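**Student:** Here's a structure for you.
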Amino acid sequence: MEENNSRDRIIIRTSIIGIVANVLLAAFKAVVGFTANSIAIVMDAVNNISDAASSVITIIGTKLAGRKADKKHPFGYGRIEYLSAMIISVIVLYAGVTALIESVKKIIHPETPDYSAVSLIIVAVAVVVKIVLGRYVKKVGQKVNSDSLVNSGDDAVLDSIISASTLAAAAIYLIFGISLEAWLGAIIALVIIKAGVEMLRETLSKILGENVDAELAREIKATILEYAEVSGVYDLVMHNYGPDAYNGSVHIEVPDTLSADDLDKLLRKIQVKVYQVHNVILTAIGVYSYNTKDPEAVEARAKVSDIVSGIQHIVQMHGFYLDKAEKTLRFDVVVSFDAEDRSAVYREVCEKVQKDFPEYTLQVAMDTDFSE
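Number 366 marks the last residue of the sequence shown (the numbering used here); no jumps.
In structure tokens:
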């Protein structure tokens, strides 16, 4: 809890810094833009206002996401951060569309800019400020895993490029007498629109649900495998309820000699350790048992493993158990998403294994590796 509070304070403090910086920059740029009759600088000021609004939304989203879990939302409110990141993306997109419309108007009805040394110095200072601010905000966002801050940081760095381009346009006008203001404004607008679309697409992807980070999945499996009784870890499924807020389930493979009491103790130890080490709550741990007393079953496992591993797009086989009394043979196969027809691969597995074990009833489950 204390760690979450610390994260929220960092996000809010960083966002407040962004609000103050962007409001000041917007005010200066607006004065310069209207005084110099520069549409590009005015659009740059509008973009700074949108950045300040983004920071306000980040603060609101962080506050709401930090609410405690309740009866209606037992997994908490962490996903609100993704919604705030999506709103920021929409604001950036709206700012880009508005800038494009205004720039097109100026292309149709051009006006001559009137730059002064003071105005150009202000814009130059703004470039430096936005570079420093952008890098700082993004670095903090990556450190605390905040998509909203990362998006704001990327947008700030983009703003510095935009401001630098307005300086370049001013230099071209002062040296050659050619005004590129309106055209530059249009280009700036298109860049902003592209950034908004990319931010929105990335945020929506997270809301829909993405693969768990492969490195985190490997670390969790390695932690569970530290227990001597566990010979394999499979079917790790992680559900994200906000940045760094995971609930999950997993299957472990243990010998068929463990008693119910021993198994209960083992599962509880695993749940506690995974939470302590990785901050992941394992809400369920399924169990596969493997044959230890029958040499024939061990031999059958090796044979089935050879058959299955020879089939394309099979990532893994696990959960094997041979029941001679009931004449059943059960196991799971993980079929890769790379397969054009995963069901066809599954049927091929069943057909080939059944051919070698005609006297057994197969119980084969097609699995998915969600960390693939």
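We put the beta carbon where it would ideally sit given N, CA and C, even for glycine.
Predicted, not measured: the structure shown is a model, and the values here were computed from it.
Going by the DSSP bridge assignment, what does D317 pair with across the sheet?
**Tutor:** On the sequence shown, position 323 is the one that residue 317 refers to. In DSSP, D317 forms a bridge with T322.
**Student:** With a CB to CB cut of under 8 Å and the five nearest residues on each side skipped, what residues in its chain are close to K263?
**Tutor:** Taking the first residue of the sequence shown as 1, we reach residue 263 at position 269. Counting only Cβ-Cβ distances below 8 Å, and skipping sequence neighbours, we find Y221.
**Student:** I need the DSSP call for G280, collapsed to helix, strand or coil.
**Tutor:** On the sequence shown, position 286 is the one that residue 280 refers to. Strand.
**Student:** Would you please verify whether the beta carbon of A183 is less than 9 Å from any beta carbon of chain E?
**Tutor:** Within the model displayed, chain E is absent; a lone protein chain is all it includes.
**Student:** My assumption, with CB atoms under 8 Å, is that Y76 sits in contact with T160. Please give the rounded CB distance.
**Tutor:** Position 82 of the sequence shown, counting from 1, holds the residue named residue 76. Position 166 of the sequence shown, counting from 1, holds the residue named residue 160. No, Y76 and T160 are not in contact; Cβ-Cβ is about 33 Å, not under 8 Å.
**Student:** Where does P68 fall in DSSP's three states?
**Tutor:** Taking the sequence shown and counting its residues from 1, one reaches residue 68 at position 74. The answer is coil: DSSP assigns P68 none of H, G, I, E or B.
**Student:** From the DSSP output, which residues share a beta bridge with H245?
**Tutor:** Sequence index remark: in the sequence shown, residue 245 carries index 251 (1-based). Looking at the DSSP assignment, H245 forms a beta bridge with Y228, G280.
**Student:** Taking DSSP as the reference, what is the three-state secondary structure of T197?
**Tutor:** If you number the sequence shown from 1, residue 197 lands on position 203. Helix.
**Student:** Could you say which of M360, L184, V274, I155 lies nearest to L210 if we only look at CA atoms?
**Tutor:** Indexing the sequence shown from 1 puts residue 210 at position 216. Of the listed residues, the one whose Cα sits closest to L210 is V274.
**Student:** Does the pairing of the region 53 to 73 with the region 169 to 184 give three or more beta-carbon distances under 8 Å?
**Tutor:** Counting Cβ pairs under 8 Å, fewer than three are found: no touch.
**Student:** By DSSP's criteria, D361 is part of a beta bridge. Which residues make up the other side?
**Tutor:** In the sequence shown, counting from the first residue as 1, residue 361 sits at position 367. Answer is V328, bridged to D361.
**Student:** Indicate the three-state DSSP secondary structure (helix, strand or coil) for V206 in the structure shown.
**Tutor:** Reading the sequence shown from its first residue, position 212 is the one you call residue 206. Coil, per DSSP.
**Student:** Between which two residues does the alpha helix (DSSP H) containing R129 stretch?
**Tutor:** As a first step, residue 129 is located in the sequence shown; it is residue number 135 there, counting from the start. From DSSP, the alpha helix (DSSP H) with R129 extends over 111 to 138.
**Student:** The alpha helix (DSSP H) with V340 in it runs from where to where?
**Tutor:** On the sequence shown, residue 340 is found 346 positions in, with the first residue counted as 1. Residue 340 is actually Tyr in this sequence, not Val. 336 to 350 is the span of the alpha helix (DSSP H), which, as asked, contains Y340.
**Student:** Does DSSP put I82 in a helix, a strand or coil?
**Tutor:** Residue mapping note: residue 82 aligns to position 88 of the sequence shown, counting from 1. If DSSP states are grouped into helix, strand and coil, I82 belongs with the helices.
**Student:** Do the region 28 to 43 and the region 178 to 195 meet, that is, are 3 or more Cβ pairs less than 8 Å apart?
**Tutor:** These segments touch.
**Student:** May I ask you to verify whether the region 341 to 355 touches the region 299 to 318, counting CB pairs closer than 8 Å and requiring at least 3?
**Tutor:** They touch, by the three-pair rule.
**Student:** Taking the alpha helix (DSSP H) that R295 belongs to, which residues open and close that run?
**Tutor:** Numbered from 1 along the sequence shown, position 301 holds the residue referred to as residue 295. Unbroken alpha helix (DSSP H) run through R295: 289 to 303.
**Student:** Specify whether the region 310 to 323 and the region 284 to 296 touch according to this definition: at least 3 beta carbon pairs, one from each stretch, less than 8 Å apart.
**Tutor:** Enough Cβ pairs lie closer than 8 Å, so yes.
**Student:** Using CA atoms only, rank isn't needed, just tell me which of R336, E213, I181, I53 is closest to T8.
**Tutor:** Along the sequence shown, one-based indexing puts residue 8 at 14. If we check each option's Cα against that of T8, I53 comes out closest.
**Student:** By DSSP, does Y240 sit in helix, in strand, or in coil?
**Tutor:** Looking up residue 240 in the sequence shown gives position 246. It is a strand residue.
**Student:** Could you give the uninterrupted runs of the beta strand (DSSP E) lying entirely in the region 21 to 50, keeping only those of 3 residues or more?
**Tutor:** If we require 3 residues or more, the region 21 to 50 turns out to have no beta strand (DSSP E) run fully inside it.
**Student:** Using DSSP with H/G/I as helix, E/B as strand and the rest coil, what is H103?
**Tutor:** Residue 103 sits at position 109 when you count from the first residue of the sequence shown. Three-state result, H103: coil.
**Student:** Rounded to whole angstroms, what is the Cα-Cα separation between M232 and I156?
**Tutor:** Here residue 232 refers to the residue found at position 238 of the sequence shown. Here residue 156 refers to the residue found at position 162 of the sequence shown. Going from the Cα of M232 to the Cα of I156 covers about 40 Å.
**Student:** Out of D45, G72, I4, L219, which has the shortest C-alpha to C-alpha gap to K133?
**Tutor:** The count along the sequence shown starts at 1 and reaches residue 133 at position 139. With distances taken between Cα atoms, K133 lies closest to I4.
**Student:** Answer yes if the region 39 to 49 comes into contact with the region 200 to 209, meaning at least three C-beta pairs across the two stretches below 8 Å, and no otherwise.
**Tutor:** No, the region 200 to 209 is not in contact with the region 39 to 49.
**Student:** Does I172 come out as helix, strand or coil in the three-state DSSP assignment?
**Tutor:** The sequence position of residue 172 within the sequence shown is 178, counting from 1. DSSP places I172 in coil when its eight states are reduced to three.
**Student:** Given a cut-off of 9 Å, decide if N241 and I277 are closer than it, judged by their beta-carbon atoms.
**Tutor:** Residue numbering aside, residue 277 sits at position 283 when the sequence shown is read from its first letter. Residue numbering aside, residue 241 sits at position 247 when the sequence shown is read from its first letter. At residue 277 the sequence reads Thr, which differs from the Ile that was named. Going by C-beta atoms, T277 is nearer than 9 Å to N241.
**Student:** With a Cβ-Cβ cutoff of 9 Å, do G135 and D153 count as a contact?
**Tutor:** The residue given as residue 135 occupies position 141 in the sequence shown. The residue given as residue 153 occupies position 159 in the sequence shown. Contact: no.
**Student:** Determine the closest residue to A59 out of V50, S49, I74, S299, with distance taken between C-alpha atoms.
**Tutor:** For the purposes of this step, residue 59 is taken as the residue at position 65 of the sequence shown. Out of V50, S49, I74, S299, I74 has the C-alpha closest to the C-alpha of A59.
**Student:** Along the chain, where does the alpha helix (DSSP H) containing H272 start, and where does it finish?
**Tutor:** What you label residue 272 is simply residue 278 of the sequence shown in a count that begins at 1. First-last of the alpha helix (DSSP H) with H272: 254 to 272.
**Student:** With L194 and M80 assumed to form a contact (beta carbons below 8 Å), what rounded beta-carbon distance in angstroms separates them?
**Tutor:** As a first step, residue 194 is located in the sequence shown; it is residue number 200 there, counting from the start. As a first step, residue 80 is located in the sequence shown; it is residue number 86 there, counting from the start. At roughly 6 Å, the Cβ-Cβ gap stays under 8 Å, so L194 and M80 are in contact.
**Student:** Do K346 and I301 have their C-beta atoms closer together than 9 Å?
**Tutor:** In the sequence shown, the residue the question calls residue 346 occupies position 352. In the sequence shown, the residue the question calls residue 301 occupies position 307. Yes. Within cutoff.
**Student:** Can you pull the DSSP bridge partners for T355?
**Tutor:** For the purposes of this step, residue 355 is taken as residue 361 along the sequence shown, with counting starting at 1. Answer is T322.
**Student:** Output the distance between the C-alpha atoms of S199 and N145, rounded to the nearest integer angstrom.
**Tutor:** If you number the sequence shown from 1, residue 199 lands on position 205. If you number the sequence shown from 1, residue 145 lands on position 151. The alpha-carbon atoms of S199 and N145 are separated by roughly 14 Å.
**Student:** Is N234 helix, strand or coil when you go by DSSP?
**Tutor:** Counting from one through the sequence shown, the residue named residue 234 turns up at place 240. Residue state, collapsed to three classes: strand.
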